[in-house]
Amino acid sequence: MEDSLTVYDPIAGQTSFYQPRTSDHDSATTDTILYGETTAVHGATFGDFLFYGRTRSSDGKIFLVRRPANPGMDDLGVWVFSGYIYGGCHFVGDWWNTSTTKDAPGGSGWFRLTKAIK
Numbered sequence: 868m869e870d871s872l873t874v875y876d877p878i879a880g881q882t883s884f885y886q887p888r889t890s891d892h893d894s895a896t897t898d899t900i901l902y903g904e905t906t907a908v909h910g911a912t913f914g915d916f917l918f919y920g921r922t923r924s925s926d927g928k929i930f931l932v933r934r935p936a937n938p939g940m941d942d943l944g945v946w947v948f949s950g951y952i953y954g955g956c957h958f959v960g961d962w963w964n965t966s967t968t969k970d971a972p973g974g975s976g977w978f979r980l981t982k983a984i985k
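According to the numbering used here, the sequence shown holds residues 868 to 985 in order.
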């Protein structure tokens, strides 16, 4: 697929193809995708997670999905974070758990992440 991104998920064993929206503006950014994982230090403390998502181009809203990197830790669930960057260093928004079992209550709330200045 031309002008697309192939993403392979080794945990699920699936390949996905991402095709950005088409735009009338050749030089304009049409979509921003995000992908990452926890650092070794944070993984040892909180568990290893994969993150993926996108930034909505119309208003800059960020959507991130967090899921365990280790299939043996699926009980930690898949979480979704959505919010905005304020002041260039604060990511503020809502989170919710999308994969609780039928016997467990779902969770949701607010969060704020602040970029540490070193």
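Where is the CB? At the ideal position from N, CA and C, for every residue including glycine.
Query raised in the report: Which two residues bound the contiguous beta strand (DSSP E) that contains Val945?
Result: That residue, Val945, is in no beta strand (DSSP E); it is neither H nor E in DSSP.
**Report entry** Uninterrupted beta strand (DSSP E) stretches inside the stretch 952-984 (no shorter than 3 residues)
**Finding:** If we require 3 residues or more, the beta strand (DSSP E) runs fully inside the stretch 952-984 come out as 957-964, 975-981.
Report task. Using only alpha-carbon positions, find the residue among Gly960, Phe948, Thr965, Ser975 that is nearest to Asp942. Result -> Of the candidates Gly960, Phe948, Thr965, Ser975, the one whose C-alpha sits nearest the C-alpha of Asp942 is Thr965.
Query - Thr873 versus Ser883 - alpha carbon distance - result: When rounded, the distance between both Cα atoms is 6 Å.
Query raised in the report: So Gly880 is in the alpha helix (DSSP H); what residue range does that whole segment cover?
Result: Counting along the chain, Gly880 falls outside any alpha helix (DSSP H), and DSSP gives it neither H nor E.
Report task. Return the chain-ordered list of same chain residues with a C-beta closer than 6 Å to the C-beta of Tyr875, the five sequence neighbours on each side being excluded. Result -> Same-chain partners within the cutoff: Thr882.
Report task. Could you tell me whether the Cβ atoms of Phe913 and Thr906 are closer together than 8 Å? Result -> Their beta carbons are not under 8 Å apart, which means Phe913 does not touch Thr906 by this criterion.
Query - Where Gly927 sits in the DSSP three-state scheme - result: The answer is coil: DSSP assigns Gly927 none of H, G, I, E or B.
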